[in-house]
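Per numbering that gives the first Met the number 0, residue 0 is the first one in the sequence shown, and the count goes up by one each step.
Quick reminder that beta carbons are idealized off the backbone N, C-alpha and C, glycines included.
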Amino acid sequence: MAYQTGTANTPAALVSSLSGFAGANGWSTTALADGATGFTAPDGATFALLPTSDSIELRGCVGLSSGAAADAQPHVADTPAVCSDIAGPYTGYFFFGGAEGGAPYLHVVIEASAGVFKSFSVGRLVKFDASVGGEYSTATNWYMSDNSTNYPEHNWHEYLFDGAHDPYGSNSASHVRFDVDGASNRWMPICRSWDGTRATGSMRGGLNLPFGRIGYQRYNKLVPLFPLYVFGDRPSNMRSPIGYAPHLRQVDLRLNAPKEIITIGGEDWQVFPAIQRTDTHDVYGSLVPSSGYYGYAIRLID
């Protein structure tokens, strides 16, 4: 079964449930040190997930060592992607597993409280060429302050495959492996700016910036879905496309409800807010986290 819903009380319980789901969908798991769990995709991609009291840290790595902690795995990413503020208990969770174009994935959406969602994903991009890499870890990490919590565009927030995240704002960095220009086992943090060692996504910025706010189409009653492309830094201020996220798209939720299922071309997609869908936002001092109409659509495969 490539889709599962349920409830969990803690990050550790969620990772335990995800382990069972992953095993039923062709992945394998390995117990690591300090309570972490290693996940191996059907194509051999490896990841280390570490639940804490209120978050889950995700790291890409190249192989797994059962005697080592998450941050000491072989060729591990320096900085984890961190799905934050999920102490639990949760209203519910949604697991999605499968592959697009041979690229495996595990997408996880947590309804941390009613209407407030946090997401993370591990897998491999649907790649554009035969270069080594494409493995990724990405997570929602929300920066909470008077001038950021209710501001969807704040660049210290981190969305999945973000094109506007500023890595200086947190100790979280989604990342992708991209071994080109003589590099090997290189994990690039996904953020907005070029420095020769980074990647950039398409959520909130990048390639989707002109299109990502296009909502419900009145002439055909359809909502367009936009692939989340990832580009890697190359020399001389250039970037190259690596690939796009498998069975995960950007969607505008202006006229769609969280958890709604939409059908396009015979395919079912379930939609979720990046954190919380609100009609108003950008209120200084508000405690209401808002991602406006930014949302994700995930392919439903039974």
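{"Query": "What residue from F119, S16, W155 and G34 has the CA that sits closest to Y295's CA?", "Result": "F119"}
{"Query": "Any idea which residues DSSP pairs Q3 with across the strands?", "Result": "F94"}
{"Query": "What are the start and end residues of the beta strand (DSSP E) that includes G122?", "Result": "V115 to R123"}
{"Query": "Over what stretch of residues does the alpha helix (DSSP H) that includes G19 continue unbroken?", "Result": "P10 to A23"}
{"Query": "Out of V287, L105, G22 and S173, which one is the CA nearest neighbour of Y92?", "Result": "L105"}
{"Query": "Could you tell me which uninterrupted beta strand (DSSP E) segments, each at least 3 residues in length, are contained entirely in the stretch 202 to 257, listed from first to last along the chain?", "Result": "225 to 233 and 237 to 251"}
{"Query": "Check this for me: beta carbons of P189 and D232, under 8 Å apart or not?", "Result": "The amino acid occupying residue 189 in the given sequence is Ile; Pro does not appear at that position. No. Outside cutoff."}
{"Query": "Spell out a yes or no on whether the stretch 8 to 16 and the stretch 50 to 62 are touching, meaning 3 or more CB-CB pairs, one atom from each, closer than 8 Å.", "Result": "yes"}
{"Query": "Do S136 and R58 count as a contact pair if the criterion is CB distance below 8 Å?", "Result": "yes"}
{"Query": "Helix, strand or coil: how does DSSP classify A35 here?", "Result": "coil"}
{"Query": "Sort A80, V14 and E99 by Cα distance to P245 and report the nearest one.", "Result": "E99"}
{"Query": "Taking its Cβ as the centre, do 16 or more other Cβ atoms sit within 10 Å of A23, making it buried, or is it exposed?", "Result": "exposed"}
{"Query": "If you follow the beta strand (DSSP E) that Q269 is in, where does it begin and where does it stop?", "Result": "E266 to P272"}
{"Query": "Could you check whether the stretch 140 to 155 touches the stretch 267 to 286, counting it as contact only if at least three pairs of C-beta atoms, one from each stretch, sit closer than 8 Å?", "Result": "yes"}
{"Query": "Given W141, which residues of its chain have a CB within under 7 Å of its CB, disregarding the five upstream and five downstream residues?", "Result": "S83, D84, H156, I274 and P288"}
{"Query": "In or out: G204 buried (at least 16 other Cβ within 10 Å) or exposed?", "Result": "buried"}
{"Query": "By Cβ distance below 8 Å, which residues in the same chain neighbour P88 in space, the five residues on each side in sequence not counted?", "Result": "T6, A7, N8 and T9"}
{"Query": "Going by alpha carbons, who is nearest to I55 out of E134, T36, V61 and S65?", "Result": "T36"}
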